[in-house]
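Student: In this note's numbering, the protein residues as written are 288 to 644. Yeah, the Cβ is synthetic: ideal placement off N, Cα and C, and Gly gets one too.
Structural data, given as structure tokens:
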């Protein structure tokens, strides 16, 4: 394979400073860069308010302005943008159809309609689309008129820091947990909490479950305070001392929290992939998650699944996690995560690059 010059727009790094999109691109860039098999030169356009690059990833990229760099073979959009040179080959990674599936949550956002028009243009003009799950591919085909042959499914991987999490020193784990004043056994929620993330269902389920006498619920994510609708439930059921909102935590701290949790609860109604599910399974804790196609695709036989539209089913699932022996599920979960490797994902991505040239 001759050298392929790839221009990556850096827009995602001006939209997020951590999260699923950034995790995806950090690992794609890293593994494209470190692989000796890939004859690639990677360039990235940067925005004024970029959080990027980290010194680690910067080793594998040349940072440019698109105006100064028109000579490239492929343009790979990080978040639904078009290149200035429309004659170049275009690859689009499609993460989810959340906006298409739940427009009622986003229709009032500034520029929503313009964003959706741009998204459709990216789909129409892409030479090939990478979908992060079979579920996402099916959703794309449901919402857009596009040939299935133009879409390749490439799953996320799981970072080695999670695969090796259980080797973390116990002193480090205890230090991190002590920092957050966690003194009781706890169930864990990680991620955003609004809308389709379904956190309100979890709050209600935890409130009426008999386990809340002995457990607390620890909540990790970028949102630093409770929303009004959440506070109504917390006040109604007097959960003030039973919910611990940590906000954003460092990656190393997050791993300590995963490792210390009695179980992980993922009540989302929709995901493009569902990386926190893999992270929890890699850290060898039992998982309760929504019975939706994408989480079945990722989680396999390990999680305890429940109907995400019924609080009573979530209560039953949480109590099953607490009162049953989870050893077999934990083993299956760990084995399942070994199937998701970033090295494998990037090899498949390079095949897509070669195919369109």
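#1: Looking only at its chain, what residues have a beta carbon closer than 6 Å to the beta carbon of residue 607, apart from the 5 residues adjacent to it on each side?
#2: How would you write the range of the alpha helix (DSSP H) that residue 521 sits in, first residue to last?
#3: Tell me the DSSP bridge mates of residue 363?
#4: Give a yes or no on whether the C-beta atoms belonging to residue 408 and residue 460 are separated by under 8 Å.
#5: Where do the N-terminal and C-terminal ends of the beta strand (DSSP E) with residue 328 fall, by residue?
#6: So within the segment 422 to 458, which uninterrupted beta strand (DSSP E) runs reach at least 3 residues, ignoring any that extend past its ends?
#7: Among residues of its own chain, excluding the 5 on either side of residue 449, which ones have a beta-carbon nearer than 6 Å to its beta-carbon?
#8: Is the distance from the Cβ of residue 482 to the Cβ of residue 392 below 8 Å?
#9: Assign residue 535 to buried or exposed, taking buried as 16 or more other Cβ atoms, counted over all protein chains shown, within 10 Å of its Cβ.
#10: Count the other C-beta atoms from every protein chain shown that fall within 10 angstroms of the C-beta of residue 516, then say buried if there are 16 or more, exposed otherwise.
#11: From the DSSP output, which residues share a beta bridge with residue 570?
#12: Assess contact between the segment 307 to 321 and the segment 622 to 633, defined as three or more Cβ pairs (one per stretch) separated by less than 8 Å. Is contact present?
#13: Is the beta carbon of residue 447 closer than 8 Å to that of residue 584?
#14: Grouping DSSP H, G and I as helix and E and B as strand, with all else coil, what is residue 604?
#15: Do residue 439 and residue 384 count as a contact pair if the criterion is CB distance below 8 Å?
#16: Would the segment 491 to 504 count as touching the segment 593 to 613 if we require 3 or more Cβ pairs under 8 Å?
#17: With a CB to CB cut of under 7 Å and the five nearest residues on each side skipped, what residues in its chain are close to residue 600?
#18: Less than 8 Å between the C-beta atoms of residue 415 and residue 643, yes or no?
#19: Counting pairs of beta carbons, one from the segment 394 to 404 and one from the segment 372 to 381, are three or more of them closer than 8 Å?
#20: Give the DSSP bridge partners of residue 576, in chain order.
#21: Identify which residue in 369, 596, 547 and 346 has its Cα closest to the Cα of residue 295.
#22: Mapping the DSSP letters down to three states, classify residue 530 as helix, strand or coil.
#23: Quick one: Cα of residue 290 to Cα of residue 363, how far?
#24: Round the Cβ separation of residue 381 and residue 427 to the nearest angstrom and send it over; I've been treating them as touching at under 8 Å.
#25: Within 10 Å of its beta-carbon, does residue 528 have 16 or more other beta-carbons around it, so buried, or fewer, so exposed?
#26: Tell me the rounded alpha-carbon separation between residue 576 and residue 620.
Tutor: Reading off the structure:
#1: Along the chain shown, read from residue 1 onward, the residue named residue 607 stands at position 320. Hits under 6 Å: 591.
#2: Taking the chain shown and counting its residues from 1, one reaches residue 521 at position 234. It spans 515 to 523 - the alpha helix (DSSP H) in which residue 521 sits, taken as one unbroken run.
#3: Walking along the chain shown from the start, residue 363 turns up at place 76. BP columns for residue 363 point to 295 and 378.
#4: As a working mapping, residue 408 is identified with position 121 in the chain shown. As a working mapping, residue 460 is identified with position 173 in the chain shown. With respect to residue 460, residue 408 sits apart: the two C-beta atoms are not nearer than 8 Å.
#5: Indexing the chain shown from 1 puts residue 328 at position 41. Taken as a continuous stretch (DSSP letters only), the beta strand (DSSP E) holding residue 328 covers 327 to 332.
#6: 438 to 440
#7: Looking up residue 449 in the chain shown gives position 162. If we look at residue 449 and ignore the five residues flanking it on each side, its Cβ neighbours are 566 and 569.
#8: One-based indexing of the chain shown puts residue 482 at position 195. One-based indexing of the chain shown puts residue 392 at position 105. Yes, they are a contact pair.
#9: Sequence index remark: in the chain shown, residue 535 carries index 248 (1-based). The residue is exposed, with fewer than 16 neighbouring Cβ atoms inside 10 Å.
#10: Residue 516 sits at position 229 when you count from the first residue of the chain shown. Exposed, since its Cβ has fewer than 16 Cβ neighbours within 10 Å.
#11: Sequence index remark: in the chain shown, residue 570 carries index 283 (1-based). Its beta-bridge partners do not exist; DSSP assigns none.
#12: By the Cβ criterion, the segment 307 to 321 is in contact with the segment 622 to 633, since at least three pairs of Cβ atoms, one from each stretch, lie closer than 8 Å.
#13: The residue you call residue 584 lines up with position 297 of the chain shown. The residue you call residue 447 lines up with position 160 of the chain shown. No, the Cβ-Cβ distance between residue 584 and residue 447 is not below 8 Å.
#14: Your numbering for residue 604 matches position 317 in the chain shown. In this structure, residue 604 counts as helix in the three-state DSSP scheme.
#15: The residue given as residue 384 occupies position 97 in the chain shown. The residue given as residue 439 occupies position 152 in the chain shown. Taking 8 Å as the cut-off, the Cβ atoms of residue 384 and residue 439 do not count as close.
#16: yes
#17: Numbered from 1 along the chain shown, position 313 holds the residue referred to as residue 600. Cβ within range, chain order: 593 and 594.
#18: Walking along the chain shown from the start, residue 415 turns up at place 128. Walking along the chain shown from the start, residue 643 turns up at place 356. Result yes, Cβ atoms of residue 415 and residue 643 sit closer than 8 Å.
#19: No, the segment 394 to 404 does not touch the segment 372 to 381.
#20: For the purposes of this step, residue 576 is taken as residue 289 along the chain shown, with counting starting at 1. Paired residues: 553 and 592.
#21: Here residue 295 is taken as the residue at index 8 of the chain shown, counted from 1. Answer by Cα proximity: 369.
#22: Walking along the chain shown from the start, residue 530 turns up at place 243. DSSP places residue 530 in the strand class (E or B) of the three-state scheme.
#23: Mapped onto the chain shown, residue 290 falls at position 3. Mapped onto the chain shown, residue 363 falls at position 76. For residue 290 and residue 363, the distance between alpha carbons rounds to 16 Å.
#24: Here the question's residue 381 lines up with position 94 in the chain shown. Here the question's residue 427 lines up with position 140 in the chain shown. Correct: roughly 6 Å between the Cβ atoms.
#25: Looking up residue 528 in the chain shown gives position 241. Burial call: exposed.
#26: Here residue 576 refers to the residue found at position 289 of the chain shown. Here residue 620 refers to the residue found at position 333 of the chain shown. Going by the C-alpha atoms only, they are around 13 Å apart.
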